[in-house]
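Colleague:
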Amino acid sequence: KIGSQIFYLNTEQDWQWDWGGETVVLDDGGRIGPESAPAFEDFIAEYPAETRDNRSLIFGRRGNSWHGVRRINCPENYYRKVFIVVFEEYRPLKMAAKKLRRLVTGAELVTEKERLMY
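The numbers in this note's numbering rise by one with no breaks, and the one at position 71 of the sequence shown is 91.
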């Protein structure tokens with residue numbers, strides 16, 4: 021995964037700001053390791069995205085590309101509507117090694133997820 025783009029499909033008629041659910045880009049100042057699971061309070065700065073009215077957020081994946089979603093507290097039958105596009109880097113040698121492992125172990129050569137992606 022090299023990045024993602026999140027499209028926010030809610031409008032002011034079907035989502036109120038105080039219901040939460042906003043995506044927040046977080047800055048750790050380079051202090052937090054990529055294998056940890058920090059809380060929002062562990063970061064030195066946060067930048068909430070505009071998550072309504074057909075906006076989008078695009079960001080690349082790095083060792084420190086921290087982000088999260090604020091807790092959602094909306095009434096029943098209301099939904100946070102997003103469409104997420106994930107960008108993957110195609111690596112032919114890595115893909116060939118994966119296929120060889122699957123062939124040797126008798127696993128499916130192409131998974132259902134891969135069928136949907138390509």
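For every residue, glycine included, the Cβ atom is placed at its ideal position computed from N, Cα and C.
Model, not experiment: these values are computed from the prediction.
Which first and last residues belong to the alpha helix (DSSP H) in which residue 116 is found?
Modeller: 112-125
Colleague: Alpha carbon to alpha carbon, what distance is there between residue 131 and residue 105?
Modeller: Going by the C-alpha atoms only, they are around 19 Å apart.
Colleague: Give a yes or no on whether the C-beta atoms belonging to residue 48 and residue 27 are separated by under 9 Å.
Modeller: no
Colleague: For the region 96-113 and the region 25-42, state whether three or more C-beta atom pairs, one from each stretch, are separated by less than 8 Å.
Modeller: yes
Colleague: Helix, strand or coil: which one does DSSP assign to residue 77?
Modeller: Of the three classes helix, strand and coil, the one that applies to residue 77 here is strand, per DSSP.
Colleague: According to DSSP, is residue 29 helix, strand or coil?
Modeller: coil
Colleague: Which residue comes first and which comes last in the beta strand (DSSP E) that contains residue 104?
Modeller: Annotation for residue 104: the continuous beta strand (DSSP E) segment containing it runs 102-107.
Colleague: Quick one, are the C-beta atoms of residue 65 and residue 46 less than 9 Å apart?
Modeller: yes
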